[in-house]
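Here the protein sequences line up with chains A and B, keeping their order. Note that our numbering has the first sequence beginning at 1, numbered continuously upward. Note that our numbering has the second sequence beginning at 140, numbered continuously upward.
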Amino acid sequence: MSKLTAGTANRKPFKRPMAGWYKRDPFFVRYMWREVTALAVLLYAIVLMVGVLRLSQGEAAFNGWLAALGSPLSIVFHLVLLVAMVYHVYTWFEVMPKTMPLLYAGGKRVADATIMRGGIVAAIVTNLALLALVWGMRP
Amino acid sequence: MKQWKRSNAPIFWVLFGGGGTLSSLFGPALILVTGLLVPLGLLASGTMSYARMLAFAQNFIGKAFIFAVIMLFAWHAVHRIYKSLHDFGIHPGPLPALCCYGSAMVITLVGAFSLLRIGF
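Next up, the structure:
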């Protein structure tokens with residue numbers, strides 16, 4: 001131990017408490033909610049993974065999965081997933097101006113709000129298109 | 140000359156970006172259909188029948204779509220969770236990384252195995 005560090009083991013340096021740090025600012029709270037939406041995306045991936053696994057195991061197994069999806073608990077769960085997913089979509093395009101390469105049009109930077117609005121409009125169109133496809137291909 | 144080690148960050152970033160975009164474009168509609176409209180019987184009965192879903196999963200485009208959704212959603216989510224764990228006091232390291240990316244790998248493999256077993 002050098003002369004400079006000798007004795008530091010006995011001192012208690014001040015450490016800024018970090019517990020609940022994100023409650024200090026509404027911006028941090030929104031950030032945390034945004035990050036938490038990843039859980040919904042993960043859980044839905046698992047729901048679909050179980051679905052294809054059951055599909056590969058035959059009709060009885062798949063019908064069991066469908067029946068499980070119809071339980072009240074599953075309906076509430078998917079309502080929560082839907083809300084989280086919609087918030088995920090909104091935030092995904094909210095941060096898009098920062099995550100994508102700089103976009104120029106006519107020699108000028110495209111405004112962040114324009115990029116965000118463009119992304120959200122695109123997501124609304126593709127989601128509605130998927131719903132229309134499912135509706136159009138109903139048996 | 141020093142040998143530079145190539146970063147693996149771009150791979151995870153592409154999976155994160157791809158999953159974030161795919162889930163934005165189709166996520167809400169998928170949850171609405173598979174989790175709410177079909178279970179509540181608001182769509183024609185048999186919309187997600189075994190026969191139809193089997194045919195969809197055997198179709199090349201259907202199979203690719205199912206695989207892309209499951210894989211990219213999983214990799215997107217675990218990447219974000221791994222990065223956010225830091226904010227909850229769990230700092231980057233081999234164990235958190237293994238738990239996060241390992242989960243995505245398991246989900247990917249189970250999905251791929253199931254889709255291959257369903258056949259073409």
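Cβ coordinates follow ideal geometry from the N, Cα and C atoms, glycine included. Just so you know, these numbers come straight off a predicted model, no measurement behind them.
Could you tell me if residue i is buried or exposed, where buried requires 16 or more neighbouring beta carbons within 10 angstroms of its beta carbon?
i: Leu-234 (chain B); result: exposed
i: Ile-220 (chain B); result: buried
i: Trp-143 (chain B); result: exposed
i: Ala-216 (chain B); result: buried
i: Met-1 (chain A); result: For Met-1 (chain A), the predicted structure reports a pLDDT of 48, less than 50, and the residue's modelled location is therefore unreliable. A value from the coordinates is still provided. With fewer than 16 other Cβ atoms within 10 Å, it is exposed.
i: Tyr-104 (chain A); result: exposed
i: Ile-150 (chain B); result: exposed
i: Ser-163 (chain B); result: buried
i: Trp-135 (chain A); result: exposed
Who are the Cβ neighbours of residue i in its own chain at under 7 Å, not counting the five residues just before and after it?
i: Arg-34 (chain A); result: Thr-91
i: Met-32 (chain A); result: Tyr-22
Kindly indicate the opening and closing residues of the alpha helix (DSSP H) around residue i.
i: Asn-127 (chain A); result: 112-136
i: Trp-21 (chain A); result: Counting along the chain, Trp-21 (chain A) falls outside any alpha helix (DSSP H), and DSSP gives it neither H nor E.
i: Phe-62 (chain A); result: 59-69
i: Pro-260 (chain B); result: Residue 260 (chain B) lies beyond the range of chain B shown here (140 to 259); nothing can be said about it.
i: Trp-152 (chain B); result: 148-170
i: Phe-27 (chain A); result: 26-56
i: Ile-131 (chain B); result: This structure cannot settle anything about residue 131 (chain B), because the visible part of chain B is limited to 140 through 259.
i: Ile-75 (chain A); result: 72-94
Which same chain residues end up closer than 8 Å to residue i when comparing Cβ atoms and leaving out the 5 residues on each side of it in sequence?
i: Val-36 (chain A); result: Ala-84
i: Ala-40 (chain A); result: Val-80, Leu-81, Ala-84, Met-85, His-88
i: Ile-257 (chain B); result: Leu-193, Ala-196, Gln-197, Lys-202
i: Val-29 (chain A); result: Tyr-22, Lys-23
i: Gly-64 (chain A); result: Arg-54
Tell me, which residues are paired with residue i by DSSP?
i: Ala-105 (chain A); result: A:Lys-108
Got a sec? Which residues, its chain only, sit under 6 Å from residue i by beta carbon, not counting five neighbours each side?
i: Arg-117 (chain A); result: none
i: Ile-120 (chain A); result: Phe-93
i: Ala-123 (chain A); result: Val-89
Mind the definition here: the segment 200-213 of chain B touches the segment 243-254 of chain B only if three or more C-beta pairs lie below 8 Å; say whether that holds. yes
Three or more beta-carbon pairs under 8 Å between the segment 123-132 of chain A and the segment 152-169 of chain B, yes or no? yes
With three or more C-beta pairs closer than 8 Å as the rule, is the segment 182-197 of chain B touching the segment 55-65 of chain A? yes
With three or more beta-carbon pairs closer than 8 Å as the criterion, would you say the segment 68-75 of chain A touches the segment 174-183 of chain B? yes
Please confirm if the segment 195-207 of chain B is in contact with the segment 250-258 of chain B, defined as three or more CB-CB distances below 8 Å between the two stretches. yes
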